[in-house]
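**Student:**
Residue numbers (our numbering): 91 to 616.
Okay, here's the thing in structure tokens:
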């Protein structure tokens with residue numbers, strides 16, 4: 091009788107023992123290859139971390155542009171090798187800080203960016219030609235990218251020299267996260283416009299970070315995370331090709347964004363399987379010729395939803411386990427969460443410990459000394475194959491529904507995630523799953539931890555700065571440039587060109603978003 095009492099987070103049964111028999115008839119050459127060679131199971135580069143460690147990032151976005159700039163500089167001085175910026179909800183939703191819907195949310199979960207003046211402050215004194223910047227922004231991604239480009243130009247750094255990533259993944263917003271503005275079809279148009287614009291003007295920029303992170307945060311399993319995300323990736327590639335782009339012109343700048351959770355071996359298997367799936371899709375379905383078009387390069391962030399407010403220092407261990415899984419799985423970039431993020435924005439102490447966690451793994455652990463050190467493990471290879479098989483089943487079901495957009499409109503992914511999230515929560519409530527400090531190993535009367543302070547005058551100051559910015563500009567020119575944006579949106583031209591000119595004329599993020607809202611409308615979920 092099979093013992094199925096042990097299962098991964100995706101419900102895959104973990105047997106009591108794995109032996110060579112589990113890989114009998116297994117074609118190692120076809121399934122593994124070598125690092126840097128098809129099908130890229132073992133990593134996208136031949137030497138992986140022997141030559142260069144992953145980019146170490148810490149997410150930062152603290153109220154005002156000035157305070158976020160200070161945190162950026164603190165992290166760079168601490169040894170961080172890339173910047174990662176969080177934006178507040180009004181910025182994500184395309185509202186200026188003085189909009190009625192922004193009240194109470196300005197600067198709360200990230201930095202408020204209303205204008206190019208805010209972007210100048212955010213990036214002041216930073217070496218934009220040397221540091222890459224990841225921006226977690228979706229509906230307003232084009233606006234923030236163009237502001238970044240304009241500020242770089244002012245600093246004497248050409249667009250061809252700046253590097254970074256915009257998340258720009260709207261499909262997962264409809265599935266899991268909710269910071270959408272426009273309906274799916276015009277959103278897909280803006281995304282493909284970004285692909286085209288960057289291929290011509292900002293060649294080092296990753297034009298999309300196709301994100302499973304938020305799908306996982308919403309409660310999906312590891313299998314659902316990669317399956318739904320890769321299905322979204324298929325939709326983006328198809329949309330770009332339908333818009334007349336050649337797959338090899340934009341595919342090399344596509345990137346992915348995965349979550350790292352606590353089930354160590356399933357997470358490693360997930361990362362390895364995702365590369366293999368993408369390689370086969372780009373080769374067989376889309377006929378990509380460039381090898382760089384077939385590489386699934388990804389950023390990883392440790393799991394925010396796994397952090398506990400109870401005994402928060404325990405989160406340091408969780409983050410270390412998740413980080414090692416990401417490195418063992420071959421990530422290109424890594425963000426480690428602060429141990430206090432279940433309570434507040436990370437304090438400087440928490441951010442430093444999170445960064446030190448990456449540095450200890452990179453410089454002291456020895457696990458970076460050889461690519462894919464778990465290759466050939468009976469358990470890991472069996473698990474990688476099973477994760478891949480189950481992910482392909484989901485991808486096929488979504489294909490049969492007409493693709494990711496049609497499946498989202500039917501609520502398929504949302505319903506699957508809801509069921510998985512319910513099952514996970516119930517397993518904790520029923521004590522079938524142990525969460526240390528939550529349903530076992532509790533501590534009574536925990537001391538109150540230090541939390542990141544929120545400035546009560548932040549919103550008032552941001553509104554005052556925005557008011558001064560709006561008062562000191564040529565309003566007629568701004569309106570003319572916004573009319574150009576609307577005209578482009580009604581037609582078929584790339585909307586980024588008139589958007590850039592509107593921002594150069596000192597239109598705000600909210601004003602440019604409103605111009606597009608007027609033409610595209612807004613999305614209302616079913």
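Even for Gly, the Cβ is constructed at its ideal location relative to N, Cα and C.
Verify the CB distance criterion: does residue 480 have a CB-CB separation below 7 angstroms to chain C?
**Tutor:** The chain inventory of the structure shown lacks chain C, comprising one protein chain alone.
**Student:** Could you spell out the range, first to last residue, of the alpha helix (DSSP H) harbouring residue 148?
**Tutor:** Residue 148 -> not in any alpha helix (DSSP H); beta strand (DSSP E) instead, spanning 145-150.
**Student:** For residue 390, report the span of its alpha helix (DSSP H) as first-last.
**Tutor:** Taken as a continuous stretch (DSSP letters only), residue 390 belongs to no alpha helix (DSSP H), being part of the beta strand (DSSP E) at 388-392.
**Student:** So who's on the other strand from residue 345, going by DSSP bridges?
**Tutor:** Answer by DSSP bridge pairing, in chain order: 299.
**Student:** Rounded to a whole number of angstroms, what is the C-alpha to C-alpha distance between residue 604 and residue 142?
**Tutor:** Computed Cα separation, rounded: 43 angstroms.
**Student:** Once the 5 residues before and after residue 235 are set aside, which same chain residues still bring their CB inside 6 angstroms of it?
**Tutor:** Only 256 meet the Cβ criterion.
**Student:** With respect to the alpha helix (DSSP H) encompassing residue 291, which residues constitute its N-terminal and C-terminal limits?
**Tutor:** Counting along the chain, the alpha helix (DSSP H) containing residue 291 begins and ends at 274-291.
**Student:** Starting from the C-beta of residue 133, find all residues in its chain whose C-beta is less than 8 angstroms away, skip the five residues before and the five after it, and write them out in chain order.
**Tutor:** For residue 133, where only same-chain residues beyond five positions count, the Cβ hits under 8 angstroms are 125, 126, 365, 420, 461, 462.
**Student:** Assuming residue 172 is part of the beta strand (DSSP E), what are its boundary residues?
**Tutor:** Segment 172-176, the beta strand (DSSP E) holding residue 172.
**Student:** Can you look up residue 425 in the DSSP assignment and give me helix, strand or coil?
**Tutor:** Looking at residue 425 - three-state DSSP - the assignment turns out to be strand.
**Student:** If residue 285 sits next to residue 227, beta carbons under 8 angstroms apart, how far is it from one beta carbon to the other, in whole angstroms?
**Tutor:** That belief does not hold up - the Cβ atoms of residue 285 and residue 227 are roughly 16 angstroms apart, past 8 angstroms.
**Student:** At the level of alpha carbons, what is the spacing between residue 606 and residue 414?
**Tutor:** Whole-angstrom Cα-Cα distance: 43 angstroms.
**Student:** Go through the segment 497-530 residue by residue and report every complete run of the beta strand (DSSP E) that reaches 3 residues or more, in order.
**Tutor:** Complete beta strand (DSSP E) runs here, min 3: none at all.
**Student:** Could you pull the start and end residues of the alpha helix (DSSP H) that residue 364 belongs to?
**Tutor:** Element bounds for residue 364: 354-370.
**Student:** Just to check my reading of the structure: residue 202 and residue 254 have Cβ atoms closer than 8 angstroms, yes? What is that Cβ distance to the nearest angstrom?
**Tutor:** Actually they do not touch by this definition, with Cβ atoms about 20 angstroms apart.
**Student:** Could you round the C-beta distance between residue 184 and residue 151 to whole angstroms and report it? I think they count as a contact, below 8 angstroms.
**Tutor:** Wrong, their Cβ atoms sit about 17 angstroms apart, outside the cutoff.
**Student:** So which of 288, 369, 392 has the shortest CA-CA distance to residue 381?
**Tutor:** It is 369.
**Student:** Give me, in chain order, the residues of the same chain whose beta-carbon lies closer than 7 angstroms to that of residue 545; leave out the 5 immediate sequence neighbours on both sides.
**Tutor:** Excluding residues within five positions, the ones whose Cβ falls inside 7 angstroms are 153.
**Student:** Whole angstroms is fine: what's the gap from residue 472's alpha carbon to residue 315's?
**Tutor:** Distance between the alpha carbons of residue 472 and residue 315 is about 19 angstroms.
**Student:** Just the Cα atoms here: how many angstroms apart are residue 116 and residue 349?
**Tutor:** Rounded to whole angstroms, residue 116 to residue 349 spans 29 angstroms at the Cα level.
**Student:** By DSSP, does residue 205 sit in helix, in strand, or in coil?
**Tutor:** Reduced to three states, the DSSP call for residue 205 is coil.
**Student:** Let me know if residue 533 comes out buried or exposed under the rule of 16 or more other beta-carbons within 10 Å of its beta-carbon.
**Tutor:** The residue is exposed, with fewer than 16 neighbouring Cβ atoms inside 10 Å.
**Student:** Are the CB atoms of residue 453 and residue 108 within a distance shorter than 7 angstroms?
**Tutor:** No.
**Student:** I'd like to know whether the C-beta atoms of residue 281 and residue 344 end up nearer to each other than 7 angstroms.
**Tutor:** Going by C-beta atoms, residue 281 is not nearer than 7 angstroms to residue 344.
**Student:** Roughly how many angstroms separate the alpha carbons of residue 102 and residue 511, rounded to a whole number?
**Tutor:** Taking the straight line from one Cα to the other gives about 16 angstroms.
**Student:** Closest to residue 338 by CA distance: which of 289, 325, 304 is it?
**Tutor:** Residue 289 is the option with its Cα nearest to residue 338.
**Student:** Comparing C-alpha positions only, which one of 559, 123, 100, 131 sits nearest to residue 204?
**Tutor:** Cα-wise, what sits closest to residue 204 is 559.
**Student:** DSSP state of residue 91, grouped into three classes?
**Tutor:** With a pLDDT of 41 at residue 91, under the threshold of 50, the modelled position of this residue cannot be trusted, and the question is left open.
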